[in-house]
Amino acid sequence: MASPAISFQNVSKVFPGVRALDDVSFTIEHGEVHALLGENGAGKSTLLNILHGVYAQYEGSVLIEDIRVSFASPSQAIQAGVAKVHQEINLVPELTVAQNIAMGHEPRKHGLIDYPKMHQDTGAILTKMGCHFSPSAQVKTLSTGEMQMIGIAKALYHNASIISFDEPTTALTNKETEHLFQIIRELKQKGITIIYVSHKLDEIFLIADRATILRDGRLIGTYRIADINKEQLIRSMVGRDVSSYAVRLAPACVQEEELLRVENLRASVFDDISFSLHKGEILGFAGLVGSGRTDIMRAIFGADPIHSGKLYLHGKIAHIRRPEQALAHGIGLLPENRKSQGFVRLMNNADNMGLASLKRFTKWLLINHRKKRENCLHYMDEMGLTPRNPDYLVSDLSGGNQQKVVLAKWLSTGADILIFDEPTKGIDVGAKAEIYRLMESLVAQGKGIIMVSSELPEIIGMSDRVIVMHEGRIAAVLPRAELNEEIILKYAMGE
Amino acid sequence: MKSIHVGRIFKNRSSSLVVVLLLLVVVFSVINPIYLSVYNLVDIIEQATINGLLAIGITFAIITGGIDLSIGSTMAVVIVTTGLMLVNGIDIWVCILAGVALGFAMGAINGFMVTKMMLQPFIATLGSMSIFRGIAYILTGGWPVLRIPKTFRTLVDGDIIASIPSSIFLLFAFALICHIILRHTRQGTYFLAAGGNEEATRLSGVNTDRSRLYAYGLCGVGAALAGLVMLARLGTGEPTAGLGYETNAIAAAAIGGTSMAGGRGSMVGTVLGALTLSALKVGLVVLGVDAFWQYIAMGSIIVVAAYFEVIQSKLEKRMSRLRKA
Amino acid sequence: MKSIHVGRIFKNRSSSLVVVLLLLVVVFSVINPIYLSVYNLVDIIEQATINGLLAIGITFAIITGGIDLSIGSTMAVVIVTTGLMLVNGIDIWVCILAGVALGFAMGAINGFMVTKMMLQPFIATLGSMSIFRGIAYILTGGWPVLRIPKTFRTLVDGDIIASIPSSIFLLFAFALICHIILRHTRQGTYFLAAGGNEEATRLSGVNTDRSRLYAYGLCGVGAALAGLVMLARLGTGEPTAGLGYETNAIAAAAIGGTSMAGGRGSMVGTVLGALTLSALKVGLVVLGVDAFWQYIAMGSIIVVAAYFEVIQSKLEKRMSRLRKA
Amino acid sequence: AEDEGFNPDNEAGMNFQDMRATFGAIPALEGEVKLGAVAKAFENEYWRTLKEGYEAFAAKMQAVGQNVIVDVRSAQGEGDEQGQLSIVKDMVNKQYTALLLSPISDSNLTPGVEDAIKAGIPVINVNDGLIEIAPNFVGPRAVENGERAAAWIAEKINFEGKVAVVIGMPKAFAARQRTLGFVNWMAENAPNVEVVEQQNADWDRSKAKDLATTWIRKHPDLKAIFCNNDTMALGVVEAVSAANADILVVGVDGIGEAYDSIREGGMDATVDSFPFYKSQIAAEASLRLLAGQELPRVIWTPQALIDSTNVDMAAADIIGWTEAEFSAQ
Ligand SMILES: Nc1ncnc2c1ncn2[C@@H]1O[C@H](COP(=O)(O)OP(=O)(O)OP(=O)(O)O)[C@@H](O)[C@H]1O
Ligand SMILES: Nc1ncnc2c1ncn2[C@@H]1O[C@H](COP(=O)(O)OP(=O)(O)OP(=O)(O)O)[C@@H](O)[C@H]1O
Ligand SMILES: [Mg+2]
Ligand SMILES: [Mg+2]
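In order, the protein sequence lines correspond to chains A, B, C and D.
The working numbering puts the first residue of the first sequence at 6, with every later residue one more than the last.
The working numbering puts the first residue of the second sequence at 112, with every later residue one more than the last.
The working numbering puts the first residue of the third sequence at 112, with every later residue one more than the last.
The working numbering puts the first residue of the fourth sequence at 269, with every later residue one more than the last.
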């Protein structure tokens, strides 16, 4: 084909203190699935935001069909047939699923919104994506994974000719991802151009035709997927060799002693949940989207009420009704939706990181701000958080770096039971490996970790034991030796 | 318009308010049966019109996550302007249209400050509240506009059927139109969406600034209609009119389940809120409650009505969960 | 307390307000030099004390994402209660402590309604505004409490140095303490965090309900102190005191950069906001601006001051970009 | 009752004719006399008329060669207590010769008055609103407003039947005294007249109308409604005519609109306290005080009930007004 679908020419973008994009030029062909790869903060989201009119001010130019475009707002981009799945879940919780999907382009009849058609159209998309919730459900009643599906459905709704996906699968499990890929393949066949950002490299090899790699805002290169292997990809992204696999390097260190025991926990969306967590154990929780994993964790942490059930900590019964009681008992919860549950937008890195452990930095009623900053810098170094600036607002960080801030918040508390809900959500391969090492060192110190994850490789690679959920009930408890994708999926799907 | 079911209209969280309202009526009528006379019930609605119109308008502003403190002053400007036009013999319908347009324009000025100048709604409309009030005074030199023509008064507030004045129909017509705007037009959805999550709405390709501007404009229209009714009802256009009326309008909206944080609210709820406040007020008058105790009664019922709503929405949530599970 | 730098205190977005304030003072003094007389300047601060104390208190409520409309009524209850105690010969310090404790308790009642009963802050405090006002009336049968002892008046509002009354020191002392609470204690961080993102804060193991309760309590303390100053200044405890004062207090906080949506605000900004309002008010009086035009001037300057703040924070962002890039 | 502090209605006052008779002509004063007058709110016609009276007085003094200037100012609305205090403080700071104050609440001007007294500036409290520490008070007897209205109504309804009162703000001095005067007069002189309702409408026309509407329906046999001011009475008139009821409506203040309404058969009567003359008397009293005359604490200003019989009479005739005499040293 003659002209490329999209061509970026010398694009640069500067944020306070950060050169997010530095003279980036490359092209994307018609009807290809083009992966955009790079570490956290490499500039992927920024590039997409420029394409889609979220940032109107930048240097360089963007051409679509050889015509220079400069969308002043997302609405102009959508009008021009350029749609996007945003990295963060960004929905209006009080409105219905259909209203969210159709937002901005509601079908009308006689000037009024044609609700039957809207529900029909959006329902069709949802069915195709394998979603089981109704278009008329309120978004606020859905699980995070379900919300992510809505984000994808939104982009599909517009019948756009260019669609970009910024990490669409962070809260999706294999089954939902499968559906998505099926849809992407169909779109591709229709000649629609797709940009795909993900840190899950396996996905890239399944779906992408070519990949462009960014590092520190600079273009490293564009490769045909057929010509490159995973290790080469990682090396060009990170600049060094990193194991891309979630594997335990240290020996298992599970001890006899029980840290936490849950008996017959019951609430509206789950029932009869009993399990225990041992010292030094990583306990994995697998299941499909909406299977109730998150709700169980929130119930244990005292964030949601339960109907019945008992909790034992170190063998003693504990009454946890509120998160602060959980914190006092040494339980920490890394929530799955960082934007709405993880951090305070108007606060900087140091304050967000210190929020759960502020007691530690308080003397004579006053906060020692210096100590709080030092703590922040410590974790910034440990996790490779960029930019290394405690005063930076968390909302100005890249998605992966935000996740690191939330993680550091809980590590700062020194809790000995850590519940991680999708801990590596949006984290790049290099940092992922670092987080896995961190988890190993935590369990080596005798802590216990519950890891809820939708990434099966991670569950299989890291867990000492895995509990598989199906529709709010425990479907199986699998020891490490028996773990593989087929068996987990089998139980997760209720077979 | 098949999709507008009366049942649906009443379902959304407003049912608790209906209960509160009925409860109030029952209690008051048991204490003093005169309360139940038809006259009094009409009276209750009649006394709710001005506040109701204001409240419907301000519900738009609140739903988008804003507020409009200037509605009382907007009312006053509309009152004196329309009043001056009327006494100068300008055609009634021209005057009415001019008044409504003026209200929209003043609302849009607030909208402009909030969107383009990016001022906080509270502070922007606190400013315009003062400015508009000044304008109302200056327009007439502080004097009231006297002798509003009878024709106008009859048209806007005269009895139509039995002793039910046209302003009551105006209230319900405006409420219905606003309900349709909110629930059945794009802009209505955008109002709710912008109030619920501005960023998400903007990223969906909605011009949220324009929507918010419209919302303030509609708020101004509500104030203008309230002004016209007041002008017709009193036959005099006072520049001091509407002083402090914003509080009651906001109260009606809030009692009706509109979230002050934006993103949630309904016109049915707001109208019921205004009716509840007026039923309460009339009830206290009928009972002849001591002025000091009226403060306590009024405050308590506001709190109780709001608490009822909270409990109902909690129950509803639990129910829907059970249904799902 | 090494970490409390005066420079830092003034940096945060308050500098534009300092500019507006200075500009106002310069313009007014050029037009009429008498504006700069010591008496007048003391008057400006003195006029800002009551509103400033209220505004500092309400800043806590607003920062947590709430509001407290009842501060004027709280003030009145504190005024009549303390007044009654004083005229009955109870020890001054006991009276003062009782007044402050009462203010805290009333604030905590609001906090209870907002947290435990989960009412919207606007509607909860609208209710308590009415109830508290009723209580103030009933406590004295509507009569003012007369002949407040001289000793109390001198202690709380008597001149200390030159003609600077002690209430001014009280204002600044309270502002400093509240600044320290907000920036240097855990609860302060929790106030800001809860206002910025309640759910995230709660999930960080913070008892946000308790924090918000404290915030309303502190808001009540601000109202109580304002009441004590008013009682001392006027020598009479009127149950009608403080009617409508919440608007000005909120305005001071908003002009001072406190976000009505919660999560952002500073005590320095609030105090500057109160000073700006009072400098403006006194300026218009000194210039003898026509009463009707005063409305327009007052409104315009509120808008301009707020717009200044918006522009400054925009510029600041751009500047810091340039500096860092 | 309990200790309610200073209440001019209970003082042995002196009316303006007696004042002139007792103290003679207004003595001449040296130099410039700058009177500072502070009204409640010019939004209200009553206070604008008061202002005109002050200015008329100054003009008359200028005409006889006295350098008397009056600066009349008002707060920003009746809720602007602090703003009104600012005005007083500004006047003290600018060293006005004497202050004529009509405070919004009974105590909001206290600090300003204290400063004025400290600075040796004479302060006259011009009703309504009471300043306890002000050495002098000029105004009409507020209870008498209510008494006159009561007497007139009782007469018209043959001393029997139901009546109601629309109060201004609860416990505002004027509202309190006018209501008290009305109710007490009825209790003492017309035992068969029953005051069936008393509620407040915050001086607001629309609220007063709403209140009256409810009352009319509750008491079909209501005979009369007394309102604490004319604005509210005008609202009540609307309610009465909407209900086609035959109810007497009486207000207080005597604003122009009330006169018009009486002429047109709307309102039935108003108790006028003649602000145009009241302010002249107050200003006159201030000059007398400045000249060292020992006036009694309270000077009564004239009031009269206006109904269809005297609505077209000149005010000066009704109250028997004469221009003050001036002694040219
Ligand atoms: N609004 C903003 N203000 C300031 N800095 C920003 C802003 N948005 C992004 N940045 C910075 O720009 C850089 C690039 O961020 P970007 O979000 O494009 O990264 P990314 O490649 O999408 O990373 P991730 O994989 O973590 O999502 C980061 O250093 C980030 O901190
Ligand atoms: N507030 C709520 N009201 C009603 N239903 C809810 C609510 N929160 C969650 N649910 C429902 O509970 C079910 C379980 O949700 P949960 O978040 O626990 O699932 P999950 O296994 O963590 O899935 P995901 O991978 O999507 O996060 C979902 O079907 C969801 O729709
Ligand atoms: Mg990103
Ligand atoms: Mg989950």
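All residues carry an ideal CB built from backbone N, CA and C; glycine is no exception.
Just verifying my parser: in three-state terms, what is the DSSP assignment at residue i?
i                      : result
residue 546 of chain A : With chain A running from 6 to 500 in the structure shown, residue 546 of chain A is simply not present.
residue 483 of chain A : strand
residue 5 of chain A   : In the structure as shown, chain A starts at 6 and stops at 500, and residue 5 of chain A therefore has no counterpart that could be examined.
residue 320 of chain B : helix
residue 452 of chain A : coil
residue 270 of chain D : Residue confidence for residue 270 of chain D is low, a pLDDT of 44 falling below 50, so the modelled location carries little weight; the figure read from the coordinates is stated next. DSSP places residue 270 of chain D in coil when its eight states are reduced to three.
residue 232 of chain C : helix
residue 216 of chain A : strand
residue 201 of chain A : strand
residue 474 of chain A : strand
residue 256 of chain C : strand
residue 320 of chain A : coil
residue 591 of chain D : coil
residue 496 of chain A : helix
residue 407 of chain D : strand
residue 54 of chain A  : helix
Determine the extent of the alpha helix (DSSP H) in which residue i is found, giving its start and end residues.
i                      : result
residue 207 of chain B : 203-226
residue 387 of chain C : 378-398
residue 330 of chain D : 313-331
residue 495 of chain D : Run containing residue 495 of chain D: none in the alpha helix (DSSP H); it sits in the beta strand (DSSP E), 490-495.
Grab the span of the beta strand (DSSP E) containing residue i for me, first residue to last.
i                      : result
residue 135 of chain C : Not the beta strand (DSSP E): residue 135 of chain C falls in the alpha helix (DSSP H), residues 126-142.
residue 11 of chain A  : 11-20
residue 80 of chain A  : Looking at the DSSP string, residue 80 of chain A is not in any beta strand (DSSP E); the run it does join, the alpha helix (DSSP H), is 79-84.
residue 89 of chain A  : 87-90
Within 10 angstroms of the Cβ of residue i, are there 16 or more other Cβ atoms? Answer buried if so, exposed if not.
i                      : result
residue 335 of chain D : exposed
residue 377 of chain A : buried
residue 313 of chain A : exposed
residue 250 of chain A : exposed
residue 328 of chain A : buried
Ligand 6 heavy atoms versus the CB of residue i: any closer than 7 Å?
i                      : result
residue 202 of chain C : For ligand 6, the structure offers nothing, since it holds only ligand 1, ligand 2, ligand 3 and ligand 4.
Residues of the region 308-323 of chain B with Cβ closer than 8 Å to any Cβ of chain A, in chain order = For the region 308-323 of chain B, the set of residues with a beta-carbon nearer than 8 Å to any beta-carbon of chain A comprises 308, 310, 311, 312, 313, 314, 315, 316, 317, 318, in chain order.
Taking a cut of 8 Å between CB atoms, which residues from the region 126-160 of chain A lie near chain B?
-> Using a CB distance below 8 Å, the part of the region 126-160 of chain A facing chain B consists of 146, 159, ordered along the chain.
How do the region 383-394 of chain D and the region 366-384 of chain C stand: do at least 3 beta-carbon pairs fall below 8 Å, yes or no?
-> By the Cβ rule, the region 383-394 of chain D does not count as touching the region 366-384 of chain C, because fewer than three pairs are nearer than 8 Å.
Listed from N- to C-terminal order along the chain, which residues in the region 374-385 of chain D have their beta-carbon within a distance smaller than 8 Å of any beta-carbon of chain C?
-> Going along the region 374-385 of chain D in chain order, one finds 374, 375, 376, 378, 379 with a Cβ nearer than 8 Å to chain C.
Stretch-stretch touch, CB-based, cutoff 8 Å, three pairs: the region 340-356 of chain D with the region 299-316 of chain D | The region 340-356 of chain D is in contact with the region 299-316 of chain D.
Members of the region 339-353 of chain D near chain C, C-beta cut-off 8 Å = Cβ contacts with chain C: 339, 341, 342, 343, 344, 347, 350, 351, 353.
Can at least three beta-carbon pairs, one atom from the region 415-427 of chain B and one from the region 230-237 of chain C, be found at a separation below 8 Å?
-> The region 415-427 of chain B makes contact with the region 230-237 of chain C: 3 or more CB pairs, one atom from each, lie closer than 8 Å.
So, do the region 38-47 of chain A and the region 197-210 of chain A have three or more beta carbon pairs nearer to each other than 8 Å?
-> Here the region 38-47 of chain A lies against the region 197-210 of chain A, with 3 or more beta-carbon pairs under 8 Å apart.
Contact list for the region 405-417 of chain C against chain D, Cβ threshold 9 Å | Answer set for the region 405-417 of chain C: 405, 406, 409.
Validate contact between the region 68-81 of chain A and the region 97-108 of chain A using beta carbons, cut 8 Å, 3 pairs | No: fewer than three Cβ pairs fall under 8 Å.
Contact list for the region 559-580 of chain D against chain B, Cβ threshold 7 Å | Shown here is that no member of the region 559-580 of chain D has a Cβ falling below 7 Å from a Cβ of chain B.
Are there three or more Cβ pairs, one per stretch, closer than 8 Å when the region 313-324 of chain A is compared with the region 351-365 of chain A?
-> Three or more Cβ pairs closer than 8 Å define a contact, and the region 313-324 of chain A falls short of that threshold against the region 351-365 of chain A.
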